[in-house]
Amino acid sequence: MISYRRLANSVLLASVAFAPTSVFAQDSANGGETVLEAITITGNWLEEPNKEKVLKHPGARTIMDKTELEARGAVDIRDALNQIPGVQVQESAGTGGSDVSLNLGVRGLTSRLSPRSTVLMDGIPLSYAPYGQPQLSLFPLVLGNVDTVDVVRGAGSVRYGPQNVGGIINFVTHPIPDDVTVRMSSSAEFSGGTKATPSFLIGGTNDDGLGAALLYSGIHGTGYRDSNDRTDIDDLIFKGKYEFSDTDTLSLQYHHYSGEGQMPGGLTTGEYAADPFQSTRQYDEFNGRRNDISLRYQHNDGENNFEILGYYVNSFRGSFVEQQGTGASANRYRLTSAPRDYEYFGIEPRYSRLFDIGDTTHEVTVGYRYLWEESSEVAARTAYYDRVPGYNPHTRPMVTYQTSEGGTKAHAIYIDDKIQFGNWTVTPGVRYEMISTNNTVNDLTGGVVTASRSPQFDANELLPTLSVAYQINDAWSVFGNAGVSFGPQQYSHLASTTDGLNPEKAKTYEIGTHYQGDALDAELTAFYIDFDKELLLSRNIVGEGVWTNLGATTHQGIEAAGRYDLGSLTPSLDGLSVYANYTYTEAVYEAGDFKGKDLPFYSRHFGTVGASYRYEDWVINADVTAQSKQRSPGSGTTYVTEEDSTGRLGDIPGYGTVNLRLAYQPENNKNAPKFALGVKNLFDNEYFTRSTDNNGGKFVGQPRTFFVSASVAF
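The numbering of the sequence shown is the working numbering, which starts it at 83 and goes up by one.
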């Protein structure tokens with residue numbers, strides 16, 4: 083096991099080593115003193131993300147805007163997030179096995195349906211229910227509507243929660259244009275099936291500060307599996323704003339998302355060997371919709387920064403999954419259904435004040451969030467049937483066997499004080515969560531309630547954090563932070579038949595550096611996460627699960643990323659740049675039969691190396707993405723490494739893919755048409771992943787895929 087102290091020392095030494103000599107020359111030219119920019123109030127540090135905010139943030143943070151995402155050939159959310167150190171987005175698998183879902187893991191944390199991070203769109207939670215159901219089996223956003231991806235992996239737990247051990251991920255949608263603008267684009271990928279992504283934006287702002295925009299992006303078509311692999315997604319956003327003074331803005335946003343995704347499902351080891359692209363599950367599918375509306379008022383006069391955000395979210399998800407019987411019902415099947423409705427309302431006022439005390443400048447921020455949420459879940463299934471040609475199980479009646487009605491009322495109060503003196507910034511802060519969650523679960527037989535339970539969970543948690551940053555000069559900073567993160571019990575935890583489940587708490591630590599120069603951007607971070615208790619969804623051989631205490635786990639490692647403009651070395655290399663990101667993660671059990679062994683479904687080594695070359699209006703880029711092996715050991719008493727007959731358990735080999743892209747992208751004419759073409763997995767490398775849920779088995783990865791795109795603006 084690696085030592086966190088050695089990690090921290092390595093980062094400090096490396097941060098000095100990679101800094102260009104011009105950094106020190108600049109200090110010498112100023113007589114050894116660094117002249118920094120004047121201090122201005124920050125307020126909401128997720129607002130208008132940019133490179134300067136990364137440099138000043140006292141923790142690991144990466145911001146990638148649309149231009150950078152395009153330059154690196156990102157064509158979907160998975161491509162975009164895998165460019166960011168510390169983040170691993172798994173292939174679609176199991177009940178997260180379509181483009182409707184997102185399987186995101188940070189620093190070795192659970193990736194299935196992304197439960198460990200607070201995922202936002204323009205500051206609004208994207209999950210079904212931030213406290214009771216934080217998963218993203220419905221991920222209600224398409225990359226075509228995204229302008230910037232902002233991933234805060236450290237020093238964010240005071241402002242945002244509750245699921246923040248995996249950081250804060252904020253997708254910033256396209257802003258309302260200053261001038262009247264119409265922008266249209268379309269892309270398609272070909273990998274056995276054809277999948278198209280149309281997008282458009284129309285909007286603008288008048289001289290009186292009144293602006294509006296309509297955004298749309300969708301995904302329609304079939305994937306690379308032979309059957310039951312169609313996706314239909316529509317994502318629509320309306321924005322309005324009124325800047326009624328130089329310091330005050332009122333914004334309104336409405337968002338509608340609907341998605342349907344067929345799930346081709348996992349294969350047994352034998353089925354995969356016969357044909358990895360086949361689907362033996364012809365009835366599995368997932369569908370969902372979301373409507374949300376938000377109203378935001380902002381005031382910023384340079385000394386006072388006030389914001390109040392209110393939002394209402396209503397969402398639905400439904401699924402059909404075919405389940406194989408056991409025992410007397412072996413080799414027979416039944417179709418299960420799980421319709422669920424969720425709604426929540428939140429209001430978040432926040433006030434920041436900038437003032438001086440002696441030689442120190444303080445920016446004190448006080449914030450509050452009230453969140454109310456409700457859930458209504460149904461579980462139903464058909465009787466067992468035999469698979470015969472032409473038979474459609476959707477014609478059989480669904481019999482409800484369980485219902486649940488959940489609710490949460492949560493209050494969160496936080497305060498932090500960003501204290502600046504000289505080149506130092508010290509920010510102590512604390513968040514206090516007060517949560518009351520309940521869930522009434524009824525078991526039914528023949529339409530009659532046979533058992534009922536109404537567990538309730540109350541929590542009052544104090545979550546302190548401390549961050550320290552030192553800005554060496556205008557281009558280089560170092561930082562360290564420590565904090566406590568918290569994950570409350572969810573509705574599914576309360577419904578579990580296992581007693582004694584606990585809320586999840588983790589202590590997190592970081593030390594690292596940011597550098598942003600004219601030719602070089604770089605970041606390096608060492609991290610350590612210590613869970614005292616983590617929860618695990620333990621599943622049997624057909625994927626039925628129950629929540630249990632996993633016990634203590636630790637996550638530690640190093641994240642690095644950089645981009646270098648080779649044209650700064652010699653004019654003959656003008657237009658050529660290289661970039662890379664790499665993460666080493668060690669996430670292990672610290673208790674139980676698997677103590678010292680890797681947690682499932684993450685890679686110890688994960689990274690990308692690429693190059694981009696611009697000649698006049700043409701851009702070509704190539705990259706190699708690779709990851710080391712993953713584990714799927716099961717939840718029994720034996721840590722399984724050899725593949726079993728179901729395809730669910732056993733090690734998953736590492737793999738790498740090569741990707742190419744050629745684009746016509748004029749820089750100085752925003753209205754010029756643009757187009758691009760490329761290929762992912764150039765050498766058609768075959769790889770796979772696994773899933774242990776009730777749609778589980780062995781899943782082939784994306785084969786060689788060609789893509790094209792075109793856009794025009796007026």
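Note that CB positions come from ideal geometry on N, CA and C, so glycine has one too.
7 angstroms Cβ shell around residue i - same chain, five flanking residues per side excluded
i, result
"residue 258", "285, 287, 293, 294, 295, 321, 323"
"residue 255", "203, 204, 227, 228, 229, 297, 319"
"residue 383", "329"
Which of helix, strand or coil DSSP assigns to residue i
i, result
"residue 351", "helix"
"residue 662", "strand"
"residue 629", "In this prediction, residue 629 scores a pLDDT of 46, lower than 50, which makes its location untrustworthy; the coordinate-derived value is nonetheless stated afterwards. Three-state result, residue 629: strand."
"residue 116", "Bear in mind that the predicted position of residue 116 carries a pLDDT of just 48, short of 50, making it unreliable; the figure below should be weighed with that in mind. Residue 116 falls in the coil class under three-state DSSP."
"residue 776", "coil"
"residue 474", "coil"
"residue 365", "coil"
"residue 160", "helix"
"residue 152", "helix"
"residue 175", "strand"
"residue 671", "strand"
"residue 574", "helix"
"residue 653", "helix"
"residue 227", "helix"
"residue 458", "strand"
Check whether residue i and residue j have beta carbons under 8 angstroms apart
i, j, result
"residue 550", "residue 539", "no"
"residue 469", "residue 514", "no"
"residue 301", "residue 423", "no"
"residue 667", "residue 639", "yes"
"residue 727", "residue 709", "no"
"residue 210", "residue 399", "yes"
"residue 669", "residue 637", "yes"
"residue 485", "residue 456", "no"
"residue 691", "residue 738", "no"
"residue 267", "residue 221", "no"
"residue 316", "residue 340", "yes"
"residue 170", "residue 195", "no"
"residue 520", "residue 488", "yes"
"residue 241", "residue 496", "yes"
"residue 660", "residue 704", "no"
"residue 610", "residue 642", "no"
"residue 368", "residue 308", "no"
"residue 568", "residue 214", "no"
Outcome for residue i when other beta-carbon atoms lying within 10 angstroms are tallied against a minimum of 16
i, result
"residue 393", "buried"
"residue 139", "buried"
"residue 143", "buried"
"residue 506", "exposed"
"residue 167", "buried"
"residue 410", "exposed"
"residue 544", "exposed"
"residue 749", "exposed"
"residue 533", "exposed"
"residue 117", "Bear in mind that a pLDDT of 48 at residue 117, under 50, signals an unreliable position, so the number given afterwards is only what the model happens to contain. By the 10 Å Cβ count, residue 117 comes out exposed."
"residue 439", "exposed"
"residue 753", "exposed"
DSSP beta-bridge partners of residue i
i, result
"residue 744", "702, 759"
"residue 265", "283, 795"
"residue 138", "None; residue 138 has no bridge partner."
"residue 545", "513"
"residue 592", "563, 609"
"residue 387", "382, 434"
"residue 648", "Per DSSP, none; premise fails for residue 648."
Residue-chain proximity (residue i, chain B), Cβ-Cβ < 8 angstroms
i, result
"residue 133", "You won't find chain B in this structure, because it holds only one protein chain."
Close beta carbons around residue i, own chain, < 6 angstroms, minus the five adjacent residues each side
i, result
"residue 311", "304, 305, 344, 346"
"residue 702", "695, 744"
"residue 788", "272, 761"
"residue 173", "771, 783"
"residue 793", "267, 756"
"residue 432", "389, 449"
"residue 447", "434, 498"
"residue 175", "771, 773, 781"
"residue 683", "193, 712"
"residue 766", "785, 786"
Same chain, Cβ closer than 8 angstroms to residue i, five either side skipped, listed in chain order
i, result
"residue 475", "365, 404, 415, 416, 417, 464, 467"
"residue 162", "146, 151, 156, 225, 228, 231"
Check: residue i C-beta below 7 angstroms from any heavy atom of the ligand SAM
i, result
"residue 128", "Although the ligand SAM was asked about, the structure shown includes no ligands whatsoever."
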